[in-house]
Structures are given as C-alpha cells and as structure tokens.
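Here this note's numbering is used: position 65 in the sequence shown is 160, and no number is missing along the way.
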Amino acid sequence: MIKKKIGVILSDKMNKTRVVGEVVKSKHKIYKKNIYYTIKYFVHDETNKSNKGDTVEIIFTRPLSKNKRWNLFQIIKKNVTTRINS
96 MIKKKIGVIL
106 SDKMNKTRVV
116 GEVVKSKHKI
126 YKKNIYYTIK
136 YFVHDETNKS
146 NKGDTVEIIF
156 TRPLSKNKRW
166 NLFQIIKKNV
176 TTRINS
C-alpha cells in the first residue's frame, strides 16, 4: 500500500526541496475539544515547479537525505496570489 498525503507548501526556499504542512485534527482525551496541529514534511521536487501556497499530493519514498522521505506526486491546486519581487 502506497502512503499518500495532501498538504500545502509552507516553504519553497530550498533548491529541489519543499516543506509541506498537513493539518491534523484530534480530540483531547479529557476535555473532548478539537485540537488542530500541523505536521511538516520535507518533500523532494526535482523540477522546482511548485511554489509556496500550492496544494499538493505527496508520496512516501526511500530516504533521499537526512530529513527527506517524501516525493512530490502532483500539484492539485496552484496558489492564486502572485508574488511581486521588488
């Protein structure tokens, strides 16, 4: 079974590496309140085609470096805001 996850790119500052965040919802054991937290994954993007804010699907792979264990599978939705470099 192949592990796939969907998340949003939080950072694209590294070459061929993206940081993808997945929001996880769980319930507190005592207070029964919903708790949201973000899990960060280091993802390999060979062609640097994704940008910050894109919604992407990632797939688990062999270890590529110390922290990278995921590969970019596809871009589901591009970020609609444009960046202006000044």
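The beta carbon of each residue, even a glycine, is placed where N, CA and C say it ideally should be.
Just measuring C-alpha positions, the residue of V175, D149, R157 and I171 sitting nearest R113 is D149.
If you draw a straight line from the Cα of F168 to the Cα of S121, it is about 26 Å long. Per DSSP, reduced to three states, the secondary structure at E117 is strand.
Setting aside the 5 residues that flank it on each side, L105 is surrounded in the same chain by V114 and G116, each with a C-beta closer than 6 Å to its C-beta; the list follows chain order. In the assembly as shown, V118 is an exposed residue. Its beta-carbon has fewer than 16 other beta-carbons within 10 Å. For I153, the uninterrupted beta strand (DSSP E) segment begins and ends at T150 to F155. Counting along the chain, the unbroken beta strand (DSSP E) around I104 starts and ends at K99 to S106. Judged by beta-carbon spacing, K163 lies beyond the 8 Å limit of N143, meaning their Cβ atoms are not closer than that value. Around the beta carbon of S145, 16 or more other beta carbons sit within 10 angstroms, so the residue counts as buried.
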